[in-house]
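Trainee: Got a structure for you, questions after.
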Amino acid sequence: MMSNAYQLRAKWLALRNRLLANPRFQRWAVDFPLTRPLAQRRARELFDVTAGFVYSQILFACVQLDLLPFLAAGPRSRDELALHLDLDEAGTLRLLKAATSLGLVEPWPDGGYGLGAQGAALLGNPGIAAMVEHHAMLYADLADPVALLRGEGGPTRLGAYWSYAASAEPDGLEAGEVADYSRLMSASQSLVAGDILDACSLQDRRCLLDVGGGEGRFVASVAARWPHLRLQLFDLPAVGAQAQARFEREGLADRAQAFGGNMLADALPRGADVISLVRVVHDHDDAAVRRLLAAAHAALPPGGTLLLAEPLAGTPGAEPMGEAYFGFYLLAMGSGRPRTPAELTAMLEQAGFVRVRQRRTRRPLLTGLITAEVA
Ligand SMILES: C[S@@+](CC[C@H](N)C(=O)[O-])C[C@H]1O[C@@H](n2cnc3c(N)ncnc32)[C@H](O)[C@@H]1O
């Protein structure tokens, strides 16, 4: 039997949807002063969803042509820009006008162009440009989204790029097969590490183990923030070797050690009282995540802490980032899914963790953080 609340909601939604789909109502809503701002905002949002792939390709062109770094020192004339972009006058102007509308560049009164607010923000974080460039693979993989959803798309480019996603024996991967994604992860790690470390103190911990720690950028940030900590890193052997080389290069080898192995099959190294999983869990399907969380629980002593940091599904104000962007990104990659804090909490509790808490981070769009403890 359906409850009254359910029936009331169903009636209201049916009425709302009938109205919103009605062209006469739509015309009225944009004409009537009180509903106009909302109606115009809704129309713009619908247009953005419809046209978003075009915006992304304009950004891609700007990154490929190195437009934003060229404007870093100040505005340039259109002739200078045409020369730098290697485009004719019409192509230059078309790109500049489109980039202006997206806030990437800004016209100057003398006819030249300078950086726009979004362009400046993007330039301040080189990790974004690296992301945009690698999106060329995702763009190709999403050309037929229905085939992808049906599992009929065949091998994907992202699946080959994230070589561990489809590999039955990821610990056998060679340096050349892990280098590209490891570089991309390193490029985008500094903001992530800062936000995690600002959200939780490691003052009372002795040793941190970063599982799936890549080439060691997060461990290096932890080392700088907390000089008393000993550090360990676990990743695939080919990636762990790169991390160990970083520790030696950066004078951290007396405090930090990298281990190579398969975190989905091997036991994790012992001795740490805090384990971090940074942008790792969302890459894997539920069964693998259950195994990984159980291994982390087994490796920690009583009172030990787990830090799980990654973009979370259902983040208020950033909903499309989770289920839309990561949902389809990970589908193209071939494993994993974005998870909500509630889903992760349930999985952590199932693995034996207690006191599971979501922490506030500076940029939840980029990094959500959940901590959990061993009783
Ligand atoms: C998305 S990257 C995140 C890297 C790093 N934590 C960061 O945030 O920059 C995932 C990492 O997990 C590692 N990884 C994937 N599968 C693994 C496995 N089965 N065993 C060990 N490491 C694995 C990858 O090599 C990669 O370094």
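Start counting the sequence shown at 452; every next residue gets the next number (the working numbering). Heads up, the beta-carbon is just placed ideally off N, CA and C, and yes, glycines get one too. Since the structure is predicted, the reported quantities are computational estimates derived from the model, not experimental observations.
(1) Determine the extent of the alpha helix (DSSP H) in which PHE779 is found, giving its start and end residues.
(2) Can you list, in chain order, the residues of its chain with a C-beta nearer than 6 Å to that of LEU648? Leave out the 5 residues immediately preceding and following it.
(3) Is it the case that the stretch 539 to 547 contacts the stretch 612 to 619, given that we only count it when at least three CB pairs across the two stretches are under 8 Å?
(4) Would the C-beta of GLN693 count as close to ligand 1, meaning under 6 Å from any of its heavy atoms?
(5) Count the other CB atoms within 10 Å of the CB of ASP592; is the residue buried (16 or more) or exposed (fewer)?
(6) Within 6 Å: the Cβ of ARG742 and any heavy atom of ligand 1?
(7) Excluding sequence positions up to five away, which residues of its chain have a Cβ less than 8 Å from the Cβ of GLN654?
(8) Have a look at GLY645 and ASN713 and give me their C-alpha separation to the nearest angstrom.
(9) I want to check one thing, is the minimum distance from the CB of ARG730 to the heavy atoms of ligand 1 below 6 Å?
(10) Grab me the residues of VAL729's own chain with a C-beta within less than 6 Å of its C-beta, minus the 5 sequence neighbours each way, in chain order.
(11) Out of LEU534, GLN508, PRO596, point me to the one whose CA is closest to GLY778's CA.
(12) ALA594: which of LEU719, GLU584, MET582, ARG608 sits nearest, CA to CA?
(13) List in chain order: all unbroken alpha helix (DSSP H) runs of 4+ residues lying wholly within the stretch 587 to 633.
(14) Exposed or buried, which one is GLY787 when buried takes at least 16 other CB atoms within 10 Å?
(15) Answer yes if the stretch 628 to 638 comes into contact with the stretch 684 to 700, meaning at least three C-beta pairs across the two stretches below 8 Å, and no otherwise.
(16) On the DSSP letters alone, give me the boundaries of the beta strand (DSSP E) that VAL662 sits inside.
(17) Is MET714 a contact residue of ligand 1, with contact defined as CB to any heavy atom under 6 Å?
(18) For VAL583 and LEU510, which I take to be in contact (beta-carbon distance under 8 Å), what is that distance rounded to the nearest angstrom?
(19) Please name the residue, chosen from SER639, PHE710, LEU624, that lies closest to GLY663 on a Cα-to-Cα basis.
(20) Give the C-beta separation of ALA723 and ALA802 to the nearest angstrom, bearing in mind that I take them to be a contact with Cβ-Cβ under 8 Å.
(21) Ignoring anything shorter than 4 residues, give me the alpha helix (DSSP H) runs that lie fully in the stretch 516 to 582, in order along the chain.
(22) Within 10 angstroms of its Cβ, does ASP482 collect 16 or more other Cβ (buried), or is it exposed?
(23) If you follow the alpha helix (DSSP H) that GLU794 is in, where does it begin and where does it stop?
(24) Could you tell me which residues DSSP pairs with ARG681 in its beta bridges?
(25) Could you check the C-alpha separation between PRO577 and ALA568 for me, to the nearest Å?
(26) Below 8 Å, can you find three or more Cβ-Cβ pairs linking the stretch 561 to 575 to the stretch 485 to 504?
(27) For GLY711, report the span of its beta strand (DSSP E) as first-last.
(28) Return the CA-CA distance between LEU573 and LEU758, expressed in angstroms with no decimal places.
Mentor: Short version:
(1) 778 to 784
(2) Close CB contacts of LEU648 within its chain, under the 6 Å cut and outside five residues either way in sequence, are with ARG676 (chain order).
(3) no
(4) no
(5) buried
(6) no
(7) The answer, listed in chain order, is TRP677.
(8) 27 Å
(9) yes
(10) A distance below 6 Å between beta-carbons, with the five flanking residues on each side excluded, links VAL729 to the following residues of its chain, in chain order: PHE669, ALA760.
(11) PRO596
(12) ARG608
(13) Positions of the alpha helix (DSSP H) runs, each at least 4 residues long and wholly inside the stretch 587 to 633, are given as 596 to 600, 608 to 612 in order along the chain.
(14) buried
(15) Contact between the stretch 684 to 700 and the stretch 628 to 638 is present, because at least three Cβ pairs lie under 8 Å.
(16) 658 to 662
(17) yes
(18) 6 Å
(19) PHE710
(20) Rounded, the Cβ-Cβ distance is 16 Å, inconsistent with contact.
(21) 518 to 521, 529 to 536, 540 to 552, 568 to 574
(22) exposed
(23) 792 to 801
(24) DSSP lists CYS658 as the beta-bridge partner residues of ARG681.
(25) When the Cα atoms are used, PRO577 and ALA568 turn out to be separated by approximately 15 Å.
(26) no
(27) 707 to 711
(28) 28 Å
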